[in-house]
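A.B. asks: Here you go, one structure.
Numbering (the working numbering), first residue to last: 553 to 770.
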């Protein structure tokens, strides 16, 4: 799958189960991160599910150009909004989505609610939930600094919430890198309701391109 890594990561915070599914399940019919996210939300979150319910979803998704062409670092966060009560799509910049693909995944689907604060650690086809009690209450800059220090790697990319998201403030954002905000419609509050403090990613893989010479000319 040129332009894609071929896997979507699925995380259930209630059961702590982590699994994958093929990106091809969606990518042939729905273009890019916004299309894939919209389809997953439509399929899996019925109208009666509230934004802060455990059955609700947060989808962080890339597109086939992320990490392939210049200025392609924008990502999509798709969720049910606490502001409007229905579909929301918030866009953010930075390096997080490129790092996610370099780690082997095209999207992350979050469901369930953790019993305690956690963050999701992703590195080269591997993912695990880690305790975030030492991060809860920290702002987004502090959170990123601590995660990088904990893993002794300044190149880790993060998508995280601050105290506003933890306290379910409807205007809360998700922040990528040092201030790239997915700022529309309360995605930070939805992530906070799941007790998920952050997603931290490090990847060293490559992204396949069908015709690299033609791409370079373009």
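We put the beta carbon where it would ideally sit given N, CA and C, even for glycine.
It should be emphasised that the depicted structure is a prediction, and the values quoted were computed from it without experimental measurement.
Using the DSSP secondary-structure output, state which residues sit across from residue 601 in a beta bridge.
C.D. replies: DSSP, once it has assigned bridges, lists no residue as partnering residue 601.
A.B. asks: At 3 residues or longer, and completely inside the stretch 704-750: list those beta strand (DSSP E) runs for me, N to C.
C.D. replies: 709-712, 726-728, 732-734
A.B. asks: Which partner residues of residue 663 appear in the DSSP bridge assignment?
C.D. replies: Its beta-bridge partners are 564, 609.
A.B. asks: Look up residue 644 in the DSSP assignment and say whether it is helix, strand or coil.
C.D. replies: strand
A.B. asks: What are the boundary residues of the alpha helix (DSSP H) that includes residue 767?
C.D. replies: 764-769
A.B. asks: Terminal residues of the continuous alpha helix (DSSP H) containing residue 773?
C.D. replies: Only positions 553 to 770 of the chain appear in the structure, and residue 773 is not among them; the question remains open.
A.B. asks: Run through DSSP, which three-state label would residue 651 get?
C.D. replies: helix
A.B. asks: Ends of the beta strand (DSSP E) at residue 576?
C.D. replies: Taken as a continuous stretch (DSSP letters only), residue 576 belongs to no beta strand (DSSP E), being part of the alpha helix (DSSP H) at 576-579.
A.B. asks: Taking the beta carbon of residue 583 as the centre, do at least 16 other beta carbons fall within 10 Å, making it buried, or is it exposed?
C.D. replies: With fewer than 16 Cβ atoms within 10 Å of its Cβ, residue 583 is classed as exposed.
A.B. asks: Taking residue 625 and residue 645 to be in contact with their CB atoms under 8 Å, please state how far apart those CB atoms are, rounded to whole angstroms.
C.D. replies: 6 Å
A.B. asks: Starting from the C-beta of residue 589, find all residues in its chain whose C-beta is less than 6 Å away, skip the five residues before and the five after it, and write them out in chain order.
C.D. replies: 611, 613, 628, 630
A.B. asks: Would you mind stating whether residue 632 and residue 603 have Cβ atoms separated by less than 8 Å?
C.D. replies: yes
A.B. asks: For residue 623, does the count of other Cβ atoms within 10 angstroms reach 16, so buried, or fall short, so exposed?
C.D. replies: exposed
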